[in-house]
Structure formats: C-alpha cells, structure tokens
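Going down the list, the protein sequences come from chains A and B.
Each step along the first sequence adds one to the number in our numbering, with nothing skipped, and position 46 is 46.
Just remember that our numbering sits 111 ahead of the position in the second sequence, which is counted from 1.
For glycine and all other residues, C-beta sits at the position ideal for the given N, C-alpha and C.
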Amino acid sequence: TQLLEQSPQFLSIQEGENLTVYCNSSSVFSSLQWYRQEPGEGPVLLVTVVTGGEVKKLKRLTFQFGDARKDSSLHITAAQPGDTGLYLCAGARGYGNKLVFGAGTILRVKS
Amino acid sequence: GAGVSQSPSNKVTEKGKDVELRCDPISGHTALYWYRQSLGQGLEFLIYFQGNSAPDKSGLPSDRFSAERTGGSVSTLTIQRTQQEDSAVYLCASSPDGGGSYEQYFGPGTRLTVT
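Okay, here's the thing in structure tokens:
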C-alpha cells in the first residue's frame with residue numbers, strides 16, 4: 001500500500017487540453033514536492049508547498065496543498081508536447097524530511 | 112553551479128559481486144540522501160546523512176547495503192553480494208540542510224543491472 005496515492009497513473013491528452021494530477025494520503029506531511037522526470041535522468045524539482053491551503057503557480061502549472069497538508073494537486077493548463085514526462089509527488093516527513101514518493105503519473109501530450 | 116553528480120551512470124554486474132556507487136552532492140549542501148527507483152516499488156528512501164550526525168539507515172533493505180559519507184561531502188553506497196532484485200536506478204539527492212530546507216536536488220542516477 002502506497003503511503004501517497006497518486007492518480008491517474010497514465011494520461012494521454014491532446015495539445016491544448018487541461019489536466020489535473022492528484023496526490024492523496026492519510027498522513028500529514030511537513031511539505032510536499034512535485035518533480036518531473038525525463039527518461040534516463042533524475043527527478044527535477046518543480047515546486048515545494050509547505051503551508052496548508054497554499055497555492056503556487058509556475059507558468060501554466062498550478063500546485064495546491066490541501067488545508068490539512070495530506071493531499072496536493074497539480075493542474076496544467078493548455079498542455080504542450082514539452083510537458084510530456086513522469087510527474088512525481090513526494091511528501092516530506094520525519095527526521096531529515098525524508099521523501100515518500102507517489103507512484104508517478106506518466107503524461108503524454110500529443111501534438 | 113554544478114548539480115549533483117553520480118558515477119557510474121550504468122553498472123552491469125554478476126550476481127554475488129560487490130558494487131560501489133558514488134555521489135558528489137552540490138557544494139555546501141549538508142544533507143545527502145540515497146533513494147532507489149525500480150519498476151515494482153517506485154522511488155523509495157534508503158539512507159540519509161546530515162553533517163556529522165549518525166546516518167539514518169532506516170530505509171536500507173538488507174545488511175548487504177551500506178553507505179558512507181567522507182568529509183561531509185562525497186558519499187559511496189555499497190551493495191555486497193548483489194542479487195537480481197537489487198537491479199534498479201540508484202538516485203542521490205542533496206539539500207542545503209535536512210531540517211529547515213525542504214528542497215532536495217537529485218543527480219542523474221546510476222542504473223544497476225545484476226545478471
């Protein structure tokens with residue numbers, strides 16, 4: 001059983017469409033991070049959210065941290081082929097803020 | 112500036128052999144983490160170093176796995192008597208500090224294949 005449930009696992013959409021990826025848990029996290037990973041590379045940090053209810057925007061990407069700091073969402077507006085990749089949510093908890101990762105969402109944006 | 116670097120990028124080894132994987136964190140980062148990424152398990156925490164404190168080894172899957180960090184910088188992850196289930200991508204991440212700073216920056220990983 002994943003501590004962080006991420007959905008959907010796979011998403012294939014047309015360029016210009018909007019999408020949302022969800023990350024849910026029954027546990028509270030001190031922060032939640034979103035990463036994007038390309039094949040053969042390590043995850044690249046997109047954003048960190050710390051405060052319950054926090055919303056951060058990064059160009060066409062909007063990240064939200066739930067009020068109770070147990071869940072988060074990533075919304076992409078007008079997806080582009082360059083957005084294709086593996087998106088990972090990760091919650092920080094415990095000594096050293098070790099990360100617990102969701103299973104990931106493979107996004108494919110077709111032109 | 113330079114990011115986290117890892118070597119080798121790929122390692123193929125025979126079952127039963129020992130392997131060493133190296134991580135060079137971002138200069139000045141006091142916290143260093145090792146994670147493992149495999150198809151069945153996703154990304155999972157292995158071990159955490161913070162400055163000169165004793166490492167948090169709570170994620171190591173067996174006593175065949177060990178890691179050290181010399182001089183508060185470079186880290187080496189050693190897997191003894193490798194098994195096929197050890198095949199995975201081993202990722203290293205560093206952070207300015209493990210407590211106050213939440214951002215972790217990952218290296219490109221070492222893909223380990225045990226035949």
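Using a 10 angstroms sphere on the CB of GLY52 of chain A, the tally of other CB atoms stays under 16, which defines it as exposed.
Each of A:SER30, A:GLU38 and A:CYS23 was checked against the Cα of PHE101 of chain A, and the nearest Cα belongs to A:CYS23. Put simply, the CB of THR51 of chain A is far from chain B, with every gap to its CB atoms at 8 Å or more. Here the alpha carbons of THR193 of chain B and GLU54 of chain A stand approximately 44 Å from one another.
Contact between TYR216 of chain B and ALA204 of chain B holds: their C-beta atoms lie close to 6 Å from each other, under 8 Å.
Proximity of PRO119 of chain B to chain A, defined by a Cβ-Cβ separation below 8 Å, is not satisfied.
Counting the other CB atoms within 10 Å of its CB gives PRO43 of chain A a total of 16 or more, which places it among the buried residues. The DSSP-derived three-state label of ASN163 of chain B is coil. It is roughly 6 Å from the alpha-carbon of ILE13 of chain A to the alpha-carbon of LYS110 of chain A. Look at the region 124–147 of chain B: the residues with a C-beta under 9 Å from a C-beta of chain A are ALA142, TYR144 and TYR146.
Runs of the beta strand (DSSP E) lying entirely within the region 170–223 of chain B, each at least 3 residues long, are 176–180, 186–190 and 199–206 in chain order. Under DSSP, ASP67 of chain A shares a beta bridge with no residue.
Against chain A, a Cβ distance below 8 Å from GLU214 of chain B picks out GLN33, LEU45 and THR48.
LYS70 of chain A and SER7 of chain A do not touch by the CB rule: their CB atoms are close to 15 Å apart, not below 8 Å. DSSP, reduced to helix, strand and coil, places GLY153 of chain B within a strand of the structure shown.
Closer than 8 Å to the CB of LEU154 of chain B there is at least one CB belonging to chain A. Nearest in C-alpha terms to GLY182 of chain B, of all of B:TYR144, B:ASN163, B:PHE156 and B:GLN117, is B:ASN163.
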